[in-house]
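Student:
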Amino acid sequence: MGPTIHILGLGNLGKLFAHSLATKPKPPPVTLLLHRLPLYHMAKAQGPKIKIYQDGVWYGDGRYDVEFIPQGGNKNHSDTKVISNLIVTTKSHKMAEALGTIKHRLSRMSTVLFIHNGMGVVEEVNKLVFPNVKDRPHYLFGIASHGVSQHTPFTAILAGHGFVTIGNPEMDKEKHPVKSYLLRQVIDSKLLRASEVPWDEFRLLQLQKLAVNAVINPLTALNNCLNGMVVESSMSGDIGNLFGGLVSEISQVLCSLPELQGIPGLKERFSIESLRNIIHDVVSATAQNRSSMLQDVSNGRETEISYINGYIVERGKELGIECPVNRRMVTNILDAVSKQKLQAVWNEVGESAKQ
1 MGPTIHILGL
11 GNLGKLFAHS
21 LATKPKPPPV
31 TLLLHRLPLY
41 HMAKAQGPKI
51 KIYQDGVWYG
61 DGRYDVEFIP
71 QGGNKNHSDT
81 KVISNLIVTT
91 KSHKMAEALG
101 TIKHRLSRMS
111 TVLFIHNGMG
121 VVEEVNKLVF
131 PNVKDRPHYL
141 FGIASHGVSQ
151 HTPFTAILAG
161 HGFVTIGNPE
171 MDKEKHPVKS
181 YLLRQVIDSK
191 LLRASEVPWD
201 EFRLLQLQKL
211 AVNAVINPLT
221 ALNNCLNGMV
231 VESSMSGDIG
241 NLFGGLVSEI
251 SQVLCSLPEL
261 QGIPGLKERF
271 SIESLRNIIH
281 DVVSATAQNR
291 SSMLQDVSNG
301 RETEISYING
311 YIVERGKELG
321 IECPVNRRMV
331 TNILDAVSKQ
341 KLQAVWNEVG
351 ESAKQ
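Note that UniProt numbering numbers the sequence shown so that position 97 is 97, with each residue one more than the last.
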């Protein structure tokens, strides 16, 4: 048995990663870190078991340990058991807070793999959780294109097979880079279809995904539609105007980022035409999917809009580029979530009045 891999965040991707590792022919020990006490009690009572529905069949043979990690001011520093390998799949806006609860169990010898949407998260984590460079764990970053939807707290549906692309900031600095234990375990999982790419290429892929999410996510969430409807409506009407405005602003910002200047083919890769084609390709492959932002808004949950369109707005501000359409998306999504939360409160009041 090798070292334990801890998973922080049991959303759709968290379940997929946990299941994929725990069901390998020679699986590593996998421990789920749970922040919600009812979920922890449920896991202890049931086993715990994670099941993934794939190609018409439920799979769930993996074995897991679970730990309860108190949130907020109730940090349990009595547990000093070191976490050497960690996969974090929490939402972008929860990542720094979640890592803060286990900061005392991580060291510069630990490896952390971040799987999330949007940009600007690691900067926030460094500022709030690991301000001292010498104390920081080794970071890996991942982009997942698997289509996974929620079913129950411990089950999920793999609706579309995708890939996991991993970037290692240290890869290009080392003459003979050695793949870490965590990286080897993830790449060795057939279900995840994971691979590592050079860091410069990964950064471009990360921004490419940001561009796709910044168009598909808010437009589907605000119009309560499946992904496919975005492209069908992208040539005319209000959605068409917003689509065009978003792509234009995103292209201008990405092509102007100072850290990317000098990279061959930058302007072509993030041109308006290229971004339109990439978005169309993604939508064609996920036409029947409900975006994660649509699911969040529908349930009155906080979204990652500040790390997606909000990131474009902030980087644009640094560069002197106005991004009014992206700014409008941020405002409208925040308003939509607030209205949904308010509606849920009124529904509860109405139900109580009937009793």
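Heads up, the beta-carbon is just placed ideally off N, CA and C, and yes, glycines get one too. Bear in mind that the values here come from a model prediction, so they are computed numbers and not experimental data.
Have a look at the DSSP bridge pairing and note the partners of residue 138.
Tutor: Counting from one through the sequence shown, the residue named residue 138 turns up at place 138. DSSP, once it has assigned bridges, lists 111 as partnering residue 138.
Student: Applying the criterion that 16 or more other CB atoms from any shown protein chain within 10 Å of the CB defines a buried residue, is residue 1 buried or exposed?
Tutor: As a first step, residue 1 is located in the sequence shown; it is residue number 1 there, counting from the start. Exposed, since its Cβ has fewer than 16 Cβ neighbours within 10 Å.
Student: Which residues mark the beginning and the end of the alpha helix (DSSP H) in which residue 17 is found?
Tutor: As a position in the sequence shown, residue 17 is number 17, starting the count at 1. Per DSSP, the continuous alpha helix (DSSP H) segment holding residue 17 begins and ends at 12-22.
Student: State the start and end residues of the unbroken alpha helix (DSSP H) segment that holds residue 267.
Tutor: In the sequence shown, residue 267 corresponds to position 267, counting from 1. Start and end: 266-269.
Student: Select from 156, 260, 235, 291 the residue whose C-alpha is nearest the C-alpha of residue 202.
Tutor: Position 202 of the sequence shown, counted from the first residue, corresponds to residue 202. For residue 202, the nearest C-alpha among the options comes from 260.
Student: Leaving aside the five residues before and after residue 141 along the sequence, list all residues of the same chain whose C-beta is less than 6 Å from its C-beta, in chain order.
Tutor: Start at 1 with the first residue of the sequence shown, and residue 141 comes out as number 141. Once the five neighbours on either side are set aside, the close Cβ partners of residue 141 are 114, 167.
Student: Below 6 Å CB to CB, which residues in the same chain sit around residue 116 once its five sequence neighbours on both sides are set aside?
Tutor: In the sequence shown, residue 116 corresponds to position 116, counting from 1. Here the set comprises 92.
Student: Would you mind giving the Cβ-Cβ distance between residue 210 and residue 95, rounded to the nearest angstrom? I have them listed as a contact below 8 Å.
Tutor: As a working mapping, residue 210 is identified with position 210 in the sequence shown. As a working mapping, residue 95 is identified with position 95 in the sequence shown. In fact, because the Cβ distance is near 16 Å, the residues do not count as touching under 8 Å.
Student: Contact check, residue 35 vs residue 87 under 8 Å by CB: the rounded distance?
Tutor: By one-based count along the sequence shown, residue 35 stands at place 35. By one-based count along the sequence shown, residue 87 stands at place 87. Contact check for residue 35 and residue 87: beta-carbon distance about 15 Å, past the 8 Å limit, so the pair fails to qualify.
Student: Quick one: using the 10 Å Cβ neighbour count with 16 as the cut-off for buried, is residue 73 buried or exposed?
Tutor: In the sequence shown, counting from the first residue as 1, residue 73 sits at position 73. Low confidence applies to residue 73: its pLDDT is 49, below 50, so where it sits in the model is not reliable, and the reading given next is rough at best. Note on residue 73: under 16 other CB atoms within 10 angstroms of its CB, so exposed under the neighbour-count rule.
Student: Less than 8 Å between the beta carbons of residue 333 and residue 297, yes or no?
Tutor: For the purposes of this step, residue 333 is identified with residue 333 of the sequence shown, where counting begins at 1. For the purposes of this step, residue 297 is identified with residue 297 of the sequence shown, where counting begins at 1. Between residue 333 and residue 297, the gap from beta carbon to beta carbon is short of 8 Å.
Student: For a quick check, are the C-beta atoms of residue 188 and residue 51 less than 8 Å apart?
Tutor: Locating residue 188 in the sequence shown gives position 188, where the first residue counts as 1. Locating residue 51 in the sequence shown gives position 51, where the first residue counts as 1. No; because the gap between Cβ atoms is not below 8 Å, this pair is not in contact.
Student: Please classify residue 342: does DSSP put it in a helix, a strand, or coil?
Tutor: Position 342 of the sequence shown, counting from 1, holds the residue named residue 342. In the three-state scheme derived from DSSP, where H, G and I count as helix and E and B as strand, residue 342 is classed as helix.
Student: Rounded to whole angstroms, how far is the Cβ of residue 330 from the Cβ of residue 310, which I believe are closer than 8 Å?
Tutor: Here residue 330 corresponds to residue number 330 of the sequence shown, with the count starting at 1. Here residue 310 corresponds to residue number 310 of the sequence shown, with the count starting at 1. Yes, they are in contact, since the Cβ atoms of residue 330 and residue 310 sit about 5 Å apart, within 8 Å.
Student: Report yes if the CB atom of residue 257 is closer than 8 Å to the CB atom of residue 315, and no otherwise.
Tutor: Taking the sequence shown and counting its residues from 1, one reaches residue 257 at position 257. Taking the sequence shown and counting its residues from 1, one reaches residue 315 at position 315. Cβ distance < 8 Å, so residue 257 and residue 315 count as in contact.
Student: According to the Cβ coordinates, are residue 9 and residue 90 closer than 8 Å?
Tutor: Reading the sequence shown from its first residue, position 9 is the one you call residue 9. Reading the sequence shown from its first residue, position 90 is the one you call residue 90. It is a contact, given that the beta carbons lie within the stated cut-off.
Student: Please tell me whether residue 185 and residue 21 are closer than 8 Å, where the distance is taken between their beta carbons.
Tutor: Position 185 of the sequence shown, counting from 1, holds the residue named residue 185. Position 21 of the sequence shown, counting from 1, holds the residue named residue 21. Taking 8 Å as the Cβ cut-off, residue 185 and residue 21 qualify as a contacting pair.
Student: Since residue 243 is in the beta strand (DSSP E), which residue starts that stretch and which ends it?
Tutor: Position 243 of the sequence shown holds residue 243. Where residue 243 is concerned, there is no enclosing beta strand (DSSP E), although the alpha helix (DSSP H) it sits in stretches over 237-256.
Student: Indicate whether residue 291 and residue 217 have their beta-carbon atoms separated by less than 8 Å.
Tutor: Taking the first residue of the sequence shown as position 1, residue 291 is located at position 291. Taking the first residue of the sequence shown as position 1, residue 217 is located at position 217. Yes, Cβ-Cβ distance for residue 291 and residue 217 is below 8 Å.
Student: Would residue 43 be called buried (16 or more neighbouring beta carbons within 10 Å of its own) or exposed?
Tutor: As a first step, residue 43 is located in the sequence shown; it is residue number 43 there, counting from the start. Label assigned to residue 43: buried.
Student: Do you know how far the Cα of residue 130 is from the Cα of residue 230?
Tutor: The sequence position of residue 230 within the sequence shown is 230, counting from 1. The sequence position of residue 130 within the sequence shown is 130, counting from 1. Cα to Cα, the separation comes out at about 39 Å.
Student: Along the chain, which unbroken stretches of the alpha helix (DSSP H) at least 4 residues long are found entirely within the segment 270-308?
Tutor: Counting whole runs of 4 or more residues, the segment 270-308 contains the alpha helix (DSSP H) stretches 272-285, 292-298.
Student: By alpha-carbon positions, which one of 61, 65, 19 ends up nearest to residue 4?
Tutor: Here residue 4 is taken as the residue at index 4 of the sequence shown, counted from 1. The option with the nearest alpha carbon to residue 4 is 65.
Student: Shortest alpha-carbon distance to residue 151 belongs to which of 159, 144, 347?
Tutor: Locating residue 151 in the sequence shown gives position 151, where the first residue counts as 1. Of 159, 144, 347, the residue nearest in Cα terms is 159.
Student: May I ask you to list the residues that DSSP assigns as paired with residue 85?
Tutor: Here residue 85 is taken as the residue at index 85 of the sequence shown, counted from 1. In the DSSP output, where bridge partners are listed per residue, residue 85 has 5, 111.
Student: Tell me the rounded alpha-carbon separation between residue 18 and residue 154.
Tutor: The count along the sequence shown starts at 1 and reaches residue 18 at position 18. The count along the sequence shown starts at 1 and reaches residue 154 at position 154. If I take the Cα positions, the gap works out to 11 Å.
Student: On the DSSP letters alone, give me the boundaries of the beta strand (DSSP E) that residue 170 sits inside.
Tutor: Here residue 170 refers to the residue found at position 170 of the sequence shown. Element bounds for residue 170: n/a, residue is neither H nor E.
Student: Would residue 293 be called buried (16 or more neighbouring beta carbons within 10 Å of its own) or exposed?
Tutor: Within the sequence shown, residue 293 is the residue found at index 293, counting from 1. By the neighbour-count rule (16 or more Cβ atoms within 10 Å), residue 293 is buried.
Student: Quick check: what's the CA-CA separation for residue 199 versus residue 215?
Tutor: To locate residue 199, count along the sequence shown from 1; it is residue 199. To locate residue 215, count along the sequence shown from 1; it is residue 215. Computed Cα separation, rounded: 25 Å.
Student: What is the DSSP secondary structure of residue 69, reduced to helix, strand or coil?
Tutor: Here residue 69 refers to the residue found at position 69 when the sequence shown is read from its first residue. DSSP places residue 69 in coil when its eight states are reduced to three.
Student: Measuring alpha carbon to alpha carbon, tell me which of 268, 181, 226 ends up nearest residue 286.
Tutor: Numbered from 1 along the sequence shown, position 286 holds the residue referred to as residue 286. If we check each option's Cα against that of residue 286, 226 comes out closest.
Student: Pop quiz: residue 138 and residue 111 are said to be a contact at Cβ under 8 Å. What is the actual Cβ separation, rounded to whole angstroms?
Tutor: Within the sequence shown, the letter at position 138 stands for residue 138. Within the sequence shown, the letter at position 111 stands for residue 111. At roughly 5 Å, the Cβ-Cβ gap stays under 8 Å, so residue 138 and residue 111 are in contact.
Student: Provide the residue(s) that pair with residue 196 in DSSP beta bridges, ordered along the chain.
Tutor: In the sequence shown, the residue the question calls residue 196 occupies position 196. Looking at the DSSP assignment, residue 196 forms a beta bridge with 166.
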